[in-house]
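Colleague:
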Ligand SMILES: NC(=O)c1ccc[n+]([C@@H]2O[C@H](COP(=O)([O-])OP(=O)(O)OC[C@H]3O[C@@H](n4cnc5c(N)ncnc54)[C@H](OP(=O)(O)O)[C@@H]3O)[C@@H](O)[C@H]2O)c1
């Protein structure tokens, strides 16, 4: 009887909301100041424009930025030329932005279909690279002229010519490091690192499946895992995408559009299954992941765009583990650990972001349309300022 009861499949609908980024826009007159901690930063709003340590003031007080004044499709992304340049406070720097990483989450937020939404109007985006042009008081680790990247605490929104960023959340970029690649590090590499090392406890010689390896996070996961001595398999939805996955050091690439491709993955592991699966589309793949993961394997959910019917028994039988990763809830300590590890790899060249489509800031609507509706990823999408 027990067995019968056990055999009864428990179907459950799960909605996994993992990507929670808080964007809040504080408006005072016509200024646009998104604040990640959901608070209105009055001090920030009233500070002097761009006072740097030496009291230098930028020649302009207005910049070009993308402003969203209502939620909707990509047509709500409006390029404006008179957006006030944000001010730098104590501990912060002003970055003249060279390139911006475009992430799928920015389309979810823009559409209004997201758990945490900013106050309107707001400037979207997280990931930037560029040059420091002004520094606030109490900044000791960086100076004007430094090349940097950032993806968290870009309090004034990334889709802009200038961004104010807290210096604790900056990553230095080597002099010869391409700004496009700098903008591709933030969200993808920190998410991939967190998934692999802070969640899945990845070890050298583990067999890893990156389920969705041709985009920003997937390629980052491949590179980090290969440099850690893991055996990596990746999937993509096109021949070109599979080629790019192999270029990241994956041992085998599979096409997630091909019928029966997961059987081939199982075969490639001699029936054992991957020890770790980093999952980019869990609402489609989670049940099958549970079937193919190795005994005591770990599945880390990075991407989720809906619900899935799945069988919890599959987790029980293998004593496997399903975990979620949410970059937005990264602590400062976690960030510091990841920043050290990723910066070191940037220096040694073991991290080399692969750039996919490039658009100008003015072409932001097309970028949003393509990142969400196009398949056949071949690297990280960036906006050039
Ligand atoms: N949890 C977090 O903190 C966090 C952080 C960053 C990103 N994310 C989420 O993670 C996902 C990936 O982000 P990204 O920046 O890498 O996006 P991206 O650059 O747009 O790449 C999307 C990836 O998903 C792949 N894919 C498409 N259909 C798939 C399928 N049926 N099975 C497996 N993979 C499939 C794509 O492959 P093809 O294009 O080759 O078909 C591509 O490799 C997004 O949903 C994003 O919102 C979450």
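In this note's numbering, the protein residues as written are 193 to 577.
Where a beta carbon is used, it is the ideal one built from N, C-alpha and C, also for glycine.
All values derive from a computational prediction rather than experimental measurement.
1) Between the alpha carbons of residue 557 and residue 324, how many angstroms are there, rounded?
2) State yes or no: is the C-beta of residue 404 within less than 8 Å of the C-beta of residue 495?
3) Could you have a look at residue 362 and say whether DSSP puts it in helix, strand or coil?
4) Please say whether residue 364 and residue 535 have beta carbons closer to each other than 8 Å?
5) Checking 8 Å against the spacing of the C-beta atoms, do residue 289 and residue 353 come in under that value?
6) Tell me the DSSP bridge mates of residue 401?
7) Only counting the same chain, and skipping five residues up and downstream in sequence, which positions put a Cβ closer than 6 Å to that of residue 530?
8) Which one or two residues does DSSP pair with residue 286 in a beta bridge?
9) For the structure I just gave you, are there three or more beta carbon pairs, one from the region 542 to 556 and one from the region 510 to 523, closer than 8 Å?
10) Find the nearest neighbour of residue 343 within the set 569, 491, 359 and 280, judged by alpha-carbon distance.
11) Distance cutoff 8 Å, beta carbons only. Does residue 410 sit that close to anything in chain E?
12) Measure how close the beta-carbons of residue 315 and residue 349 come, nearest whole angstrom, since I'm counting them as under 8 Å.
13) Only counting the same chain, and skipping five residues up and downstream in sequence, which positions put a Cβ closer than 8 Å to that of residue 335?
14) Would you kindly check if the distance between the Cβ of residue 366 and the Cβ of residue 538 is under 8 Å?
15) Relative to ligand 1, is the shortest distance from any of its heavy atoms to the C-beta of residue 473 smaller than 7 Å?
16) Is DSSP giving residue 489 helix, strand or coil here?
17) Quick check on the DSSP output: the alpha helix (DSSP H) that includes residue 509 runs from which residue to which?
18) Pick helix, strand or coil for residue 416, following the three-state DSSP scheme.
19) Just to confirm, does residue 477 get its C-beta within under 7 Å of one of the non-hydrogen atoms of ligand 1?
20) Below 7 Å, is the gap between the Cβ of residue 405 and the nearest heavy atom of ligand 1?
21) Have a look at 502, 422, 470 and 487 and flag the residue whose alpha-carbon is nearest the alpha-carbon of residue 409.
22) In chain order, what residues of the same chain have a beta carbon less than 7 Å from the beta carbon of residue 568, not counting five sequence neighbours either side?
23) So what's residue 223 in DSSP terms, helix, strand or just coil?
24) So if DSSP puts residue 319 in a beta bridge, which residue, or which two residues, is it bridged to?
25) Please list the terminal residues of the continuous beta strand (DSSP E) segment that includes residue 273.
26) Quick check on this structure: which residue in 286, 422 and 388 has the alpha carbon closest to the alpha carbon of residue 362?
27) For residue 447, which residues does DSSP report across the bridge?
28) Among the residues of its own chain, which have a CB less than 8 Å from the CB of residue 435, if the five just before and after it don't count?
29) Hey, quick one: how far does the alpha helix (DSSP H) through residue 371 stretch, first residue to last?
30) Hey, out of 542, 479 and 280, whose CA is closest to residue 330's CA?
31) Regarding residue 563 and ligand 1, is the C-beta to nearest heavy atom distance less than 7 Å?
32) Quick check: is any heavy atom of ligand 1 less than 7 Å from the C-beta of residue 273?
Modeller: This is what the structure holds:
1) Taking the chain shown and counting its residues from 1, the one referred to as residue 557 is at position 365. Taking the chain shown and counting its residues from 1, the one referred to as residue 324 is at position 132. The alpha-carbon atoms of residue 557 and residue 324 are separated by roughly 27 Å.
2) Looking up residue 404 in the chain shown gives position 212. Looking up residue 495 in the chain shown gives position 303. Going by C-beta atoms, residue 404 is nearer than 8 Å to residue 495.
3) The residue given as residue 362 occupies position 170 in the chain shown. It is a strand residue.
4) The residue given as residue 535 occupies position 343 in the chain shown. The residue given as residue 364 occupies position 172 in the chain shown. Less than 8 Å separates the beta-carbon of residue 535 from that of residue 364.
5) For the purposes of this step, residue 289 is identified with residue 97 of the chain shown, where counting begins at 1. For the purposes of this step, residue 353 is identified with residue 161 of the chain shown, where counting begins at 1. Contact flag set, yes.
6) Mapped onto the chain shown, residue 401 falls at position 209. Paired residues: 425 and 469.
7) The count along the chain shown starts at 1 and reaches residue 530 at position 338. Answer for residue 530: 382 and 385, listed in chain order.
8) Taking the first residue of the chain shown as position 1, residue 286 is located at position 94. Note: residue 286 is bridge-paired with 326 and 356 in the DSSP secondary-structure output.
9) no
10) On the chain shown, residue 343 is found 151 positions in, with the first residue counted as 1. Of 569, 491, 359 and 280, the residue nearest in Cα terms is 359.
11) Given the protein chain composition of this structure (a single chain), no chain E is represented.
12) The residue you call residue 315 lines up with position 123 of the chain shown. The residue you call residue 349 lines up with position 157 of the chain shown. About 3 Å separates the Cβ atoms of residue 315 and residue 349, confirming a contact at the 8 Å cut-off.
13) Here residue 335 is taken as the residue at index 143 of the chain shown, counted from 1. These residues qualify, in order along the chain: 324 and 327.
14) Along the chain shown, one-based indexing puts residue 538 at 346. Along the chain shown, one-based indexing puts residue 366 at 174. Yes, the pair counts as a contact, with Cβ atoms nearer than the cut-off.
15) Along the chain shown, one-based indexing puts residue 473 at 281. Yes; taking the cut-off as 7 Å, the Cβ of residue 473 has a heavy atom of ligand 1 nearer than that.
16) Locating residue 489 in the chain shown gives position 297, where the first residue counts as 1. It is coil, neither helix nor strand.
17) For the purposes of this step, residue 509 is identified with residue 317 of the chain shown, where counting begins at 1. 505 to 510 is the span of the alpha helix (DSSP H), which, as asked, contains residue 509.
18) On the chain shown, position 224 is the one that residue 416 refers to. In this structure, residue 416 counts as helix in the three-state DSSP scheme.
19) Against the chain shown, residue 477 aligns to sequence position 285. Using a cutoff of 7 Å, the CB of residue 477 counts as near ligand 1, since one of the ligand's heavy atoms is closer than that.
20) One-based indexing of the chain shown puts residue 405 at position 213. Residue 405 Cβ: within cutoff of ligand 1.
21) In the chain shown, residue 409 corresponds to position 217, counting from 1. If we check each option's Cα against that of residue 409, 470 comes out closest.
22) As a first step, residue 568 must be located in the chain shown, where it is residue number 376. Cβ neighbours of residue 568 beyond the five flanking positions: 429, 430, 432 and 433.
23) Position 31 of the chain shown, counted from the start, is the residue given in the question as residue 223. Low local confidence applies: a pLDDT of 28 at residue 223 is under 50, so the model's placement there is unreliable, and no value is given.
24) Here residue 319 refers to the residue found at position 127 when the chain shown is read from its first residue. The partner list for residue 319 (beta bridge, DSSP) reads 293.
25) For the purposes of this step, residue 273 is taken as the residue at position 81 of the chain shown. Start and end: 269 to 276.
26) Working through the chain shown from its first residue, we reach residue 362 at position 170. Among 286, 422 and 388, the Cα nearest to that of residue 362 belongs to 286.
27) As a position in the chain shown, residue 447 is number 255, starting the count at 1. Checking the DSSP bridge columns, you'll see residue 447 partnered with 428.
28) Sequence index remark: in the chain shown, residue 435 carries index 243 (1-based). Cβ neighbours of residue 435 within its own chain (closer than 8 Å, five residues either side excluded): 445.
29) The residue labelled residue 371 in the question sits at position 179 within the chain shown. From DSSP, the alpha helix (DSSP H) with residue 371 extends over 371 to 375.
30) What you label residue 330 is simply residue 138 of the chain shown in a count that begins at 1. Of 542, 479 and 280, the residue nearest in Cα terms is 280.
31) Here residue 563 corresponds to residue number 371 of the chain shown, with the count starting at 1. Yes, the Cβ of residue 563 comes within 7 Å of a heavy atom of ligand 1.
32) To locate residue 273, count along the chain shown from 1; it is residue 81. Residue 273 Cβ: outside cutoff for every heavy atom of ligand 1.
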